[in-house]
Amino acid sequence: MRWGELESGGTTIAFTPLHQHETDELTGVVHTPRSNQERQPVEVCFVYPDVDAAYKWAVENGAVAVSEPELKEWGQKVGYVRDPDGIVVRMGSHVNPPK
Numbered sequence: 001m002r003w004g005e006l007e008s009g010g011t012t013i014a015f016t017p018l019h020q021h022e023t024d025e026l027t028g029v030v031h032t033p034r035s036n037q038e039r040q041p042v043e044v045c046f047v048y049p050d051v052d053a054a055y056k057w058a059v060e061n062g063a064v065a066v067s068e069p070e071l072k073e074w075g076q077k078v079g080y081v082r083d084p085d086g087i088v089v090r091m092g093s094h095v096n097p098p099k
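Using the UniProt record's numbering, the letters of the sequence shown map in sequence onto residues 1 to 99.
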């Protein structure tokens, strides 16, 4: 794959391979961690209506559990997993500010 896009309303997220010779020369080569203990230089967050179910599904399908979902003080339920490439993925609910 050379390029992929996910569109949702007014938001578009683009995905590219780790290395693209055209951009590596412009922006520098991406360095990946040397071990599973090192963190990738990126974190992504996805919002789910049912964070617990999404977290469970992710772990059952190969993600490494980092932190189980819990309600945060800013009104969002958040859990963290690490994907097989070491990327930290925040799985959160929509933010519901405390009343």
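Where a beta carbon is used, it is the ideal one built from N, C-alpha and C, also for glycine. Bear in mind that the values here come from a model prediction, so they are computed numbers and not experimental data.
On a CA-only basis, which of CYS45, GLY62 and VAL78 is nearest PRO69? Give me that one, please. VAL78
Residues bridged to GLU70 [DSSP beta-bridge criterion]: VAL78
Limits of the alpha helix (DSSP H) - the one that VAL88 falls within: Counting along the chain, VAL88 falls outside any alpha helix (DSSP H), though it belongs to the beta strand (DSSP E) covering 88 to 92.
Please report the straight-line C-alpha distance between GLU73 and VAL95, rounded to a whole angstrom. 10 Å
Determine the direct distance from the alpha carbon of ASP50 to that of VAL59, and round the result to whole angstroms. 15 Å
In the DSSP output, which residue or residues are listed as bridge partners for GLU60? GLU60 is not bridged to any residue.
Can you tell me the Cα-Cα spacing of GLY4 and LEU71, whole angstroms? 33 Å
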